[in-house]
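Numbering (the working numbering), first residue to last: 2 to 156.
Think of the CB as a built atom: it goes at the ideal place given N, C-alpha and C, for glycine as much as any other residue.
In this text, all values refer to a predicted model and were calculated from it rather than measured experimentally.
Take a look at the structure below.
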């Protein structure tokens, strides 16, 4: 019998803009703060390069969730990258919903390179919410495969 921790078993890929999200991610690591081991980060030139196809293919490759860590809209070096990826994430959510899948498994977070603390909080929130959506249980609960839950409180 295996005990499965919901948060640790999720696989999430975060595409991170090299000018913002990736720099904030590197700041988190260099300052010794924790980063969820379930979240793999891939640096990309611009969040706007991620479209519907990449979002859905990432899920198809076995990831439970996909995030794009993009620049704030008013600070995008490519001018419209953050707006483009926001629209693509909204489109992907509609597709997933039509297919009866969890639309919250795709997301976009906007953060500047100087906003590592906020990015860390928002990534942790996405991670927790996805775990709850996927499992139907509060994040952090243990699931024991092959056993039914039994109320042992005596009530």
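Under the three-state DSSP convention, the category residue i falls into
i           : result
residue 131 : helix
residue 64  : coil
residue 34  : coil
residue 101 : coil
residue 15  : strand
C-beta atoms of residue i and residue j nearer than 8 Å
i           : j           : result
residue 87  : residue 72  : no
residue 101 : residue 127 : no
residue 57  : residue 96  : yes
residue 22  : residue 70  : yes
Close-in-space but distant-in-sequence residues of the same chain around residue i (CB under 6 Å, 5 per side omitted)
i           : result
residue 42  : 15, 17, 26
residue 137 : none
residue 98  : 104
Nearest neighbour of residue i, chosen from the options [CA to CA]
i           : options        : result
residue 118 : 31, 19, 92, 58 : 31
residue 134 : 105, 113, 114  : 105
residue 12  : 111, 64, 98    : 64
Sequence-distant residues of its chain with Cβ nearer than 7 Å to residue i (five each side left out)
i           : result
residue 121 : 29, 34
residue 24  : 114
Same chain, Cβ closer than 8 Å to residue i, neighbours up to 5 away in sequence not counted
i          : result
residue 94 : 104, 105, 107
residue 61 : none
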